[in-house]
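Colleague: Here it is, the structure, as structure tokens.
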Amino acid sequence: MSTTALVGTGHRPTIVLVGHGMVGQRFLEALAERGLTATHRVVVLCEEPRPAYDRVQLTSYFSGTTPDELSMTDAEFITEHGIDLRLGDPAETVDREARTVTARSGLVIAYDTLVLATGSYPFVPPVPGKDAEGCFVYRTIEDLLAIEAYAKSRATTGAVVGGGLLGLEAAGALKGLGLTSHIVEFAPRLMPVQVDAGGGAALLRTIEDMGLTVHTGTGTQEIVTGDDGAVTGMKLSDGSELATDLVVFSAGVRPRDQLARDCGLPVGERGGIAVDAQCRTEDPHVFAIGECALAADGRVYGLVAPGYEMAETAAATIASADSSFTGADLSTKLKLLGVDVASFGDAHGATAGCLDVVYADSRSGTYKKLVIGRDGELLGGILVGDADAYGTLRALTGSVPPVSPEQLVLPAGGAAAWPSDPPRCPTPPSSAPATTSPRARSAARSPSTPARRSPRSRSAPRPVPGAGVASRSSASSSTTS
1 MSTTALVGTG HRPTIVLVGH GMVGQRFLEA LAERGLTATH RVVVLCEEPR PAYDRVQLTS
61 YFSGTTPDEL SMTDAEFITE HGIDLRLGDP AETVDREART VTARSGLVIA YDTLVLATGS
121 YPFVPPVPGK DAEGCFVYRT IEDLLAIEAY AKSRATTGAV VGGGLLGLEA AGALKGLGLT
181 SHIVEFAPRL MPVQVDAGGG AALLRTIEDM GLTVHTGTGT QEIVTGDDGA VTGMKLSDGS
241 ELATDLVVFS AGVRPRDQLA RDCGLPVGER GGIAVDAQCR TEDPHVFAIG ECALAADGRV
301 YGLVAPGYEM AETAAATIAS ADSSFTGADL STKLKLLGVD VASFGDAHGA TAGCLDVVYA
361 DSRSGTYKKL VIGRDGELLG GILVGDADAY GTLRALTGSV PPVSPEQLVL PAGGAAAWPS
421 DPPRCPTPPS SAPATTSPRA RSAARSPSTP ARRSPRSRSA PRPVPGAGVA SRSSASSSTT
481 S
């Protein structure tokens, strides 16, 4: 450490923010909106060499967006509100008894209120060779700069471990850099959290049509290296080998809660700094917000919108205003490699007695599923390839739609009649084998194709060739997709 200084001992109370990502920036804006930057000294310890930027749009860097264009703040905002922003100087330790934070530079800052917004870190599977030259994670602008440099100088083929949101974006970025691109996903489908088997199948066809190769239902066992220590391939759990000279790990994230652990703050069994509904930790002087926090409902939220809500709640609480964060809507709408993907509500049909209404068109790569409750209310859904109705459907969630479910998913003019009292099957005993009810309704396959009865098991929701609509009772199967 270098020279130690002590700041924050003046007449104004000091708020120290650890972390300056998207959620950290929203917290600063919330402080400013409430006038707290005028009454408090605000110090920000930022690990990265640049201020907050839009991580959601990170991949746009490869299509020409500059780091400055990704930035979410500017010098004017920082100066106007008197914020002491320290880039490249992360917090190393917290002394809760003395109420001080020590930064990597040796700077010691006394605080009245400490806010932890440390975010998350990429999970890298503990496989042999994971630290080899040519292995990267996909999290920061610096990561992208390193991937770009290596791809241009040493690689012709790239493989991404993980078929979630960032994994697909990373694979698209590698292809854009001129590399033959592969995706390796342990789950049986891409984006397993957001979509079901039918949506995954539609997404898979579209992704493969773009020239990317997808390997699902298999994991990474080993990163193979050459004599120089650089990546030459991967061994997969299905026994196959994949030749590649660049690997990007995008297998999920974990809360960055080590700073809290080291100073004795409670964390969840699976990580995350435990907070109450006001985003306050066990220590009344310490808050945690964003991906590093374990919310009062027992969840760690990886989406930015809940993080913003937590930032606003923490700022309101510091301002002595009534505010609470008790949970968030996990609905999402994304555009992956130019493909719309959206999910909302009970997207996977976990509600007992619900009915799935599915429209699938393999020619256009469109898949739409609505989950309908016992009383005809819209519970949730999945949209792949065409998410134009997302806003309307999300607003209707929890209510009975004013039109038939087919009219909500079929192209204009393609709706068929919807029975006013659709039959449903009783939930089978847990010991009974999964069956599909012969009474499950089937609506019109398309405006030009006669309706047919085609009951399906939830465990095999395969889209029909061409365009079609089918409905099935989720109670008819003991398995879920």
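Per UniProt numbering, the very first residue in the sequence shown carries number 1; after that it's consecutive. Glycine is no exception: its CB is placed at the ideal position from the N, C-alpha and C atoms.
(1) By Cβ distance, which residues of its chain are closer than 6 Å to D112, with the 5 residues on each side in sequence left out?
(2) Return yes when the Cβ of A132 is within less than 7 Å of the Cβ of V248, no when it is not.
(3) For S153, tell me which candidate among E377, V193 and D245 has the shortest Cα-Cα distance.
(4) Would you tell me roughly how many angstroms separate the C-alpha atoms of L370 and A360, rounded to the nearest one?
(5) DSSP state of residue 518, grouped into three classes?
(6) I believe A155 touches T59 by the beta-carbon criterion, under 8 Å. Please report the beta-carbon distance rounded to the nearest angstrom.
(7) In chain order, which alpha helix (DSSP H) runs of at least 4 residues are fully inside the stretch 38-107?
(8) Throw me the rounded Cβ distance for the I289 and G271 pair, which I believe falls under 8 Å.
(9) Our contact map puts G373 next to T351 with C-beta atoms below 8 Å; I'd like the distance itself, whole angstroms only.
(10) Run the proximity test for G398: is its beta-carbon closer than 6 Å to any non-hydrogen atom belonging to the ligand ADP?
(11) Please classify G349: is it buried, with 16 or more other beta-carbons within 10 angstroms of its beta-carbon, or exposed?
(12) Quick check: is the beta carbon of L330 nearer than 7 Å to any beta carbon in chain C?
(13) Taking the beta carbon of V253 as the centre, do at least 16 other beta carbons fall within 10 Å, making it buried, or is it exposed?
(14) Does the separation of the CB atoms of P67 and I141 fall below 7 Å?
(15) My output table needs one value for V253: the three-state DSSP class, helix, strand or coil.
(16) Does the beta-carbon of V18 have 16 or more other beta-carbons within 10 angstroms, so that it is buried, or is it exposed?
(17) Have a look at M22, H20, V23 and L28 and flag the residue whose alpha-carbon is nearest the alpha-carbon of I318.
(18) Could you tell me which of D340, L355 and S362 sits nearest to G391, measuring between CA atoms?
(19) Write down the C-beta distance between G88 and R55 rounded to the nearest angstrom, noting that I regard them as a contact closer than 8 Å.
(20) Is it buried or exposed, D257, if we count other Cβ atoms within 10 angstroms and call 16 or more buried?
(21) Report yes if the CB atom of G158 is closer than 7 Å to the CB atom of L179, and no otherwise.
(22) Cα separation between L203 and G163?
(23) May I ask you to report which of helix, strand or coil DSSP gives A155?
(24) Under a three-way DSSP split, which group does K368 fall into?
(25) Measuring CA to CA, which of Q25, G199, G327 and S120 is closest to A342?
(26) Have a look at I207 and E185 and give me their C-alpha separation to the nearest angstrom.
(27) DSSP state of G19, grouped into three classes?
(28) Which residue's Cα is closest to the Cα of residue 482: V384, V300 and E377?
(29) Would you kindly report the start and end of the unbroken alpha helix (DSSP H) that includes K175?
(30) Enumerate, from N- to C-terminal direction, the unbroken alpha helix (DSSP H) stretches of 4 or more residues contained entirely within the stretch 185-244.
(31) Among A98, S331 and L242, whose alpha-carbon lies nearest the alpha-carbon of L379?
(32) Going by alpha carbons, who is nearest to Q278 out of M310, S250, L303 and Y301?
(33) Quick one: grab the DSSP three-state call for R12.
(34) Got a sec? Which residues, its chain only, sit under 6 Å from A305 by beta carbon, not counting five neighbours each side?
(35) For the alpha helix (DSSP H) that P306 lies in, which residues bound it at each end?
(36) If you draw a straight line from the alpha carbon of L383 to that of G64, how long is it in whole angstroms?
Modeller: Put simply:
(1) If the five residues before and after D112 are omitted, its C-beta is found closer than 6 Å to the C-beta atoms of P13 and T14, all from its own chain and listed in chain order.
(2) By the CB criterion at 7 Å, V248 and A132 fall outside the cutoff.
(3) Comparing Cα positions, the closest option is D245.
(4) Going from the Cα of L370 to the Cα of A360 covers about 12 Å.
(5) The chain is shown from 1 up to 481; residue 518 falls before or after that span and cannot be answered.
(6) A155 to T59, Cβ: 18 Å. No contact.
(7) Fully enclosed alpha helix (DSSP H) runs of 4 or longer: 67-70 and 75-80.
(8) I289 to G271, Cβ: 15 Å. No contact.
(9) The Cβ separation is near 6 Å, so the contact holds.
(10) This structure lacks the ligand ADP; in fact it carries no ligand of any kind.
(11) Buried: at least 16 other Cβ atoms inside 10 Å.
(12) Absent here is chain C; the protein component of the structure consists of one chain.
(13) Label assigned to V253: buried.
(14) In this structure, I141 lies closer than 7 Å to P67 by Cβ.
(15) It is a strand residue.
(16) Counting Cβ neighbours within 10 Å, V18 comes out buried, since at least 16 surround it.
(17) The shortest Cα separation from I318 among M22, H20, V23 and L28 belongs to L28.
(18) Nearest to G391 by alpha-carbon distance, out of D340, L355 and S362, is D340.
(19) Rounded, the Cβ-Cβ distance is 18 Å, inconsistent with contact.
(20) That one is buried.
(21) Cβ distance < 7 Å, so G158 and L179 count as in contact.
(22) The alpha-carbon of L203 is positioned some 11 Å away from that of G163.
(23) Note: A155 maps to coil in three-state DSSP.
(24) In this structure, K368 counts as strand in the three-state DSSP scheme.
(25) Of Q25, G199, G327 and S120, the residue nearest in Cα terms is G199.
(26) If you draw a straight line from the Cα of I207 to the Cα of E185, it comes to about 13 Å.
(27) Three-state result, G19: coil.
(28) For the chain, the structure presents residues 1 to 481; residue 482 sits outside this window and is missing.
(29) Start and end: L165 to G176.
(30) As far as the stretch 185-244 is concerned, its whole alpha helix (DSSP H) runs of at least 4 residues are 197-209.
(31) Looking at the Cα atoms, S331 is the closest of the given residues.
(32) Closest option to Q278, judged by alpha-carbon separation, among M310, S250, L303 and Y301: M310.
(33) R12: coil per DSSP, three-state reduction.
(34) Here the set comprises nothing.
(35) Start and end: V304 to I318.
(36) Rounded to the nearest angstrom, the gap between the Cα atoms of L383 and G64 is 29 Å.
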